[in-house]
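Peer 1:
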Amino acid sequence: MIMKLEIGGVMMDVVSAYAPQVGCAKGEKEDFWSESDEVMNSLPKGQKVVIGADWRQGGDGSVMALHNSLEGAGSVTWWGFSPALDLLVPPGNISIGGSIREITEDKALSQTINILLVGSGDSRHVLKTVAGLRQSSHSKTQLHVYIIENNLELIGRHLLFLTLAFEPPERMGLQEKAETFLELFGNSLIRSPTANYLQEVSHWLIQFVTESDLQEGRLPSVDLSALRFKERDQLEGIFKFWCHPDPRSFQIHRMWDVRLRQYLDSRYDFRQGAFDWDLTMKLHQRGHLSPVLIALHPQQAQMVSKAEYMRWRETGVAFELREGLYDTANRSLASGLLLKRNGERVPVRGYWGDIVSSPYISFGIETDNENLKQTANGLPTKTAQDVSLYNLQTILKDLVPKKEAEESEPSVSGEEATQRDGGGSAASLDSKNHSSSLQSQFSIHFLPLNCLDKLAEKNCYNQLFNIMYFSCSMIHQLKPALRRTAAPGASLIVEMARYILDVHKDQAAGLLPRVNELAKEAGFTPTVNNETIACFELREP
Numbered sequence: 001m002i003m004k005l006e007i008g009g010v011m012m013d014v015v016s017a018y019a020p021q022v023g024c025a026k027g028e029k030e031d032f033w034s035e036s037d038e039v040m041n042s043l044p045k046g047q048k049v050v051i052g053a054d055w056r057q058g059g060d061g062s063v064m065a066l067h068n069s070l071e072g073a074g075s076v077t078w079w080g081f082s083p084a085l086d087l088l089v090p091p092g093n094i095s096i097g098g099s100i101r102e103i104t105e106d107k108a109l110s111q112t113i114n115i116l117l118v119g120s121g122d123s124r125h126v127l128k129t130v131a132g133l134r135q136s137s138h139s140k141t142q143l144h145v146y147i148i149e150n151n152l153e154l155i156g157r158h159l160l161f162l163t164l165a166f167e168p169p170e171r172m173g174l175q176e177k178a179e180t181f182l183e184l185f186g187n188s189l190i191r192s193p194t195a196n197y198l199q200e201v202s203h204w205l206i207q208f209v210t211e212s213d214l215q216e217g218r219l220p221s222v223d224l225s226a227l228r229f230k231e232r233d234q235l236e237g238i239f240k241f242w243c244h245p246d247p248r249s250f251q252i253h254r255m256w257d258v259r260l261r262q263y264l265d266s267r268y269d270f271r272q273g274a275f276d277w278d279l280t281m282k283l284h285q286r287g288h289l290s291p292v293l294i295a296l297h298p299q300q301a302q303m304v305s306k307a308e309y310m311r312w313r314e315t316g317v318a319f320e321l322r323e324g325l326y327d328t329a330n331r332s333l334a335s336g337l338l339l340k341r342n343g344e345r346v347p348v349r350g351y352w353g354d355i356v357s358s359p360y361i362s363f364g365i366e367t368d369n370e371n372l373k374q375t376a377n378g379l380p381t382k383t384a385q386d387v388s389l390y391n392l393q394t395i396l397k398d399l400v401p402k403k404e405a406e407e408s409e410p411s412v413s414g415e416e417a418t419q420r421d422g423g424g425s426a427a428s429l430d431s432k433n434h435s436s437s438l439q440s441q442f443s444i445h446f447l448p449l450n451c452l453d454k455l456a457e458k459n460c461y462n463q464l465f466n467i468m469y470f471s472c473s474m475i476h477q478l479k480p481a482l483r484r485t486a487a488p489g490a491s492l493i494v495e496m497a498r499y500i501l502d503v504h505k506d507q508a509a510g511l512l513p514r515v516n517e518l519a520k521e522a523g524f525t526p527t528v529n530n531e532t533i534a535c536f537e538l539r540e541p
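Counting from 1, position 343 in the sequence shown corresponds to residue 343 in the UniProt record's numbering; the numbering is continuous, with no gaps.
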């Protein structure tokens, strides 16, 4: 059926069809979706098709609405949509910043804690949790973190940031380390010294994933043994691409502009107004806590200034921490996607990440430093970049032995230090063993892609995980079989869609009941819920 529909003075052709859902045979469903490909291919070039849920809200409408609203968020989660959490402080209460506090006494005294991260995207939770091991209450805790992602490039980024975070102080000072981290983390374009570091580390990572002997040296806490050989080979290919010097092979500035044009469509010529609307009417509005806590913490997402947000939306450059030319593509933000071309699926490398919410959410909207929360005329005096730098320096400082950190503060700027030693060499890195007492206290295990369903079938994961974290993009993986892998009294933390700006506030609020239902089916009861995360605890059978 084809009909004309006028909305806001714009006439559109509507192709309508009923999608068989509940109560229909499997074959009938498969026939419908196979025939829908013919409808898609028959549409004129340049027209769009939207497949949505039943208007009567049948089926899993809340999760459907979430996944149908992720065009701006992209298909690859380069950064998370919630602030970094110390997962060793599990649910019991929520602090003003949205972080979790008040660890229960039995878990605080536990000698071993196993954490499962499903789709976290970046390393923010890992780094903040490991940094928390410095606290006296965790001095005897042995931490094991298991990471599941749906994209190998994300695992590559995990390895990149773990390598950077544990660079020895004599090689890279705290200031330089934090600035390099933020550049690689959230910038589409980076400075040449940062690009040189990325190439250098990539050469070392190629050896790291192919030679098991190296895994006991620089990153003794990282375990890749669970990855398939095919995945290791693909990781090697990813790191080789990061080393590639030809700028024509990844022109991210053009890719960013193409994404903007596709996303904004007719609004592209008025994009500055669209950016301003997304910042003030979406991000800033969602940045408040409940009315009871606003007086105690008035900023949150308002820490993201207009200047830095507009710059990032236009160019993809979130952090300009040093003067210089940001003109080299950040190859760690490249990923592959299968696109349909002439009836065949063709792999295409490009930028398929977030272009709306921004990288500032992970480290830049919450802080315990009161000086960074000061306001003037109702506006924060500091920016999300300032907060990100402070928070990251705090985390990275705790990852280095205190004595070494104090002795190794560089007397020259980070860029001068990088240029002075030429960025170092892979050979010199391999000759050093950078293991520390902290790295012997934890381990990070990378599991095969999308293997969550198979964990319950393996005895080694039976009742293993004390804490489980699911990102909002992986909520559909929250299934009853998860209970078999949960330790008695396990905690479940689910990231909500608060900071996914393409998801309407009503849709985001409607997601919580569905998450509660999925958690209940898996044997968990809610403990603490807010707009940022939902927390649950495994109930006794």
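Here a beta-carbon is modelled for each residue, glycine too, at the ideal position from N, C-alpha and C.
1) Quick check for students: name the residue ranges of the alpha helix (DSSP H) that lie wholly in the segment 120–172, counting only runs of 4 or more.
2) Please report the residue range of the alpha helix (DSSP H) in which P513 lies.
3) For the segment 256–269 against the segment 230–245, do three or more pairs of beta-carbon atoms, one drawn from each stretch, fall closer than 8 Å, so that the two count as touching?
4) With a Cβ-Cβ cutoff of 9 Å, do G287 and M310 count as a contact?
5) Run through the DSSP bridge pairs and tell me what R248 is partnered with.
6) Starting from F536, follow the beta strand (DSSP E) in both directions and report where the run begins and ends.
7) Assuming contact is defined by CB atoms lying nearer than 9 Å, are A178 and L372 in contact in what I supplied?
8) In this structure, what does DSSP give as the bridge partners for K340?
9) Could you give the first and the last residue of the continuous alpha helix (DSSP H) run that contains G273?
10) Among T525, F465, G523 and Q477, whose alpha-carbon lies nearest the alpha-carbon of L143?
11) With a threshold of 9 Å between beta carbons, is R218 in contact with chain B?
12) Output the distance between the C-alpha atoms of residue 588 and L198, rounded to the nearest integer angstrom.
13) In chain order, what residues of the same chain lie with their CB nearer than 8 Å to the CB of V118, ignoring the 5 residues before and after it?
14) Leaving out the 5 sequence neighbours to the left and right, which residues in its chain are closer than 6 Å to R157 when beta-carbon positions are compared?
15) At which residues does the alpha helix (DSSP H) containing N196 begin and terminate?
16) Out of L189, Q272, S188 and V356, which one is the CA nearest neighbour of Y263?
17) Just to confirm before moving on: does the CB-CB distance between L235 and I155 stay below 9 Å?
18) Is S202 closer than 9 Å to Y495 when the C-beta atoms are compared?
19) With a 10 Å radius around its C-beta and 16 neighbouring C-beta atoms as the bar for buried, classify D386 as buried or exposed.
20) Closer than 7 Å by C-beta to A522: which residues in its own chain qualify, once you throw out the five before and the five after it? Chain order, please.
21) By the 10 Å Cβ neighbour count, where 16 or more other Cβ atoms means buried, how is K505 classified, buried or exposed?
22) Could you give the residue range of the alpha helix (DSSP H) that holds F239?
23) Tell me which residue opens and which closes the beta strand (DSSP E) that V118 is part of.
Peer 2: Quick look at the numbers:
1) 124–131 and 152–165
2) K505 to E521
3) no
4) no
5) Looking at the DSSP assignment, R248 forms no beta bridge with any residue, so it has no partner.
6) I533 to L538
7) no
8) R345
9) R271 to W277
10) F465
11) Although the question refers to chain B, the structure presented lacks it and comprises just one protein chain.
12) A query on residue 588 cannot be resolved here, the shown segment of the chain reaching from 1 to 541 and no further.
13) I148, L452, M468, Y469, F470, S471, M474 and Q477
14) S332
15) S192 to T210
16) V356
17) yes
18) What sits at residue 495 in the sequence shown is Glu, not Tyr. No; because the gap between Cβ atoms is not below 9 Å, this pair is not in contact.
19) buried
20) L478, K479, P480, L482 and R483
21) exposed
22) F229 to C243
23) T112 to V118
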